[in-house]
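For reference, the structure is listed below as structure tokens.
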Amino acid sequence: MEGLSSETVFVALLFIASLVAIIAKRLRLPYTIALVITGLLAGLFVSPLVPAFELTPHLILQIFLPALLFEAAFHLDFGHLWDNIRIITLLAIPGVLLSTFVVGLILHLGVGLAWPVALLFGSLISATDPISVLAIFKELGVARRLSIIVEGESLFNDGTSIVLFRILMAIVLTGQFSLVGSIQQFVQVTFGGALLGLLVGYFFSHLIRPIDDYLVEVALTTVLAYGIFFLAEALHISGVIAVVITGLVVGNYGTRIGMSPTTKLNLVSFWGFIAFVVNSWIFLLLGLQIDLPVLIAEAYPILWAIGAVLAARAIVAYPMTHLIYRFVRPMPSSWHHVLFWGGLRGSITLALALGLEAAIPHREVLRVMAFGYVLFSLLVQGLTMRPLLGRLNLVCRAEERLEYERTRGQLLALRAAWQMLREMQEDGILSPLVWQTLNSEYRLEGERLAAELEALYQNHAHLQQDELMATRRECLRAQKSALLSLLQQGVISEEVYRDLVTGLDRQLETLDKWVSSQLDITYTAGATGESLPSPAGEQTIGAKRTDSAQVNAKQGD
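193 is the number of the first residue of the sequence shown in our numbering; add one for each residue after it.
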């Protein structure tokens, strides 16, 4: 296979990744971890492939990263993100700074690295990459809020880590350090990227409003994802933060005001495919590029790195988050264990390690430690995440949750189809025979699905409670949105708006605190079919459900 062109390797990797995806699904392995294992095995026997197409800092940071960040941010619900913004910000900024310091301190004392060099390693190893963990969350039906926190932390701490890494590398190379100057540069680069992303995302959302061609809109989002990254980097601000904020704005605001359903569907499919291809290349090449004999020979510093990173993560996941519960919504105690063990490292860490300048002292040791910890986090932490979630009772109701969502989705879709059918009948489009035939079919199917849904509600009381909490939260958000519209229209004053919104925020906070306090109980009680207490003494939702009742009532007209 000597002398294969990059194009041939590119196609071969995509084919291998597709096969691995099929096999991983059958074996119930995280797809990305299966790719790394495949790459490791291939690297042992097909080493001539590696020089033909390898991971480089430029490839990861400027080609792969903008696409992955935009895709993830585009699909992230801003309402859920905003509800957890304080804990996410805590993990992504102070958490990264604290982790960098703790890792640097341990390696300075244990391995003998100079302070600046040890801190440099702490910064490059602090960027989390939980893609395999999030895939497990999705498969097992883990709480949505926990997924949002883990994904939100990853999106924003990438930018923090990269900015901090560049500042520390400049300090190591020049030997000059200014605390005030470093803080000023950090704030300027980070918030500059956020501001640019916000402005460009808003402008782009209005730019595409008059366009009704999904092919053009898909092409423009591709230009946007890379264009905003390169523009931010040219302005010496964070391209990572700029892409994330732009993706959030376009995904939550632009899709609402300027995209047709057809465009949204095609955008989701396109960016989903791009994410699959990019992740496939990254993790397969990662496995190919890791040199196991070298890692084994350098086990001593790698073990120190593993201990240092786990210690730093434990401090961030446990005492730091507990200390700020006066200011943020608390999490169930079991979630702290997931945050600790789920802080996997991946492509960003490797890109920063590969991007270390030749003049950096102990550069090869830093690279070996980075590669060693990435391999440990993917193979050890990644492969043990599923059993950990099961032991913490965070997945015991995944099966009934999927069945519930499937049945309820079918029932709601049936209702929408029946409403269209009835409108056609009222407009005189349908003959009496067609109407009677189809109405009878939909009635029977609706009764069957309603009975299945009713049985699920009766057998799993937590499904009713979850629906009540989700509906109550959405109603409170709708009230806040209505108040904002009234303020913009001049119907209410800003003072009245603030008072009313503050009251709604208190209700949301009370609701979320209650949900958090009950979450550990619901995962256990839901599995045994026990009913759950309601906030403020409210009774659990009754057996009769809105979905099934409305479908049957309307179909009986």
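Built from N, CA and C at the ideal position, the CB exists for glycine as well.
Limits of the alpha helix (DSSP H) - the one that residue i falls within
i    : result
I328 : I323 to L332
H272 : F270 to D275
A265 : L257 to H267
D350 : R336 to T366
V248 : With the sequence shown as reference, residue 248 is identified as Thr, and Val is not the correct amino acid for it. Looking at the DSSP string, T248 is not in any alpha helix (DSSP H), and its letter there is neither H nor E.
Q481 : P453 to Q481
A319 : Where A319 is concerned, there is no enclosing alpha helix (DSSP H), given that its DSSP letter is neither H nor E.
E409 : Y406 to A426
I449 : T447 to G450
F519 : Taken as a continuous stretch (DSSP letters only), F519 belongs to no alpha helix (DSSP H), as it is neither H nor E.
P222 : Note, P222: premise wrong, no alpha helix (DSSP H); not H, not E.
G534 : G534 -> no alpha helix (DSSP H), and no H or E assigned at all.
M154 : Because the chain here runs from 193 to 749, residue 154 falls outside it and cannot be looked at.
L756 : Given a span of 193 to 749 for the chain in the structure shown, any question on residue 756 remains unanswerable.
Straight-line Cα distance separating residue j from residue i
i    : j    : result
T702 : V432 : 34 Å
L477 : P522 : 39 Å
N276 : R336 : 11 Å
D691 : R559 : 54 Å
P308 : A551 : 13 Å
V508 : I280 : 12 Å
L311 : V364 : 10 Å
L660 : E666 : 10 Å
L158 : E637 : Summary: the structure shown does not reach residue 158, with the chain confined to residues 193 through 749, and so no result is reported for it.
R614 : R640 : 20 Å
T629 : E597 : 28 Å
L480 : A234 : 6 Å
R635 : L542 : 57 Å
L390 : H272 : 18 Å
E263 : S632 : 43 Å
L299 : D269 : 39 Å
L371 : L515 : 26 Å
R737 : G344 : Because R737 carries a pLDDT of 42, less than 50, the predicted location of this residue cannot be relied on, and the following value inherits that uncertainty. Going from the Cα of R737 to the Cα of G344 covers about 34 Å.
S723 : E646 : Unreliable placement is indicated for S723, whose pLDDT of 38 sits below 50; no coordinate value is reported for it.
P524 : R669 : 23 Å
E618 : Y649 : 34 Å
Own chain residues within Cβ distance below 6 Å of residue i, not counting five before or after
i    : result
L679 : Y689
I494 : M561 and G564
Y223 : A213 and A216
Q671 : L696
L487 : G564
R578 : I328
L544 : L316 and F357
Q602 : L641
L546 : P249
L700 : L668
DSSP three-state assignment for residue i, whether helix, strand or coil
i    : result
T382 : helix
L622 : coil
E639 : helix
A284 : helix
H398 : helix
V560 : helix
D658 : helix
R698 : helix
F369 : coil
H652 : coil
A684 : As written in the sequence, residue 684 is Ile, which differs from the Ala given in the question. Three-state result, I684: coil.
G547 : coil
P485 : helix
I507 : helix
S539 : helix
N444 : helix
V587 : coil
V228 : helix
A500 : helix
P553 : coil
Sequence-distant residues of the same chain with beta carbon closer than 8 Å to residue i, five excluded per side
i    : result
F256 : V470, W473, I474 and S539
G385 : G351, A424, I429, S430, G431, V432, I433, A434 and I437
V294 : G314, A500, A503, A504 and I507
Y394 : V441 and Y445
L571 : I225, V228 and I229
Beta-carbon proximity list for residue i, same chain, < 7 Å, skipping 5 on both sides
i    : result
L622 : M616
H139 : Only positions 193 to 749 of the chain appear in the structure, and residue 139 is not among them; the question remains open.
S569 : L536 and R537
Short CB-CB distance (under 7 Å) between residue i and chain C
i    : result
S472 : Note that chain C does not occur in the displayed structure, where there is just one protein chain.
Contact test: residue i Cβ vs the ligand MN heavy atom, cutoff 6 Å
i    : result
M577 : The model on display carries no ligand, and the ligand MN is accordingly not part of it.
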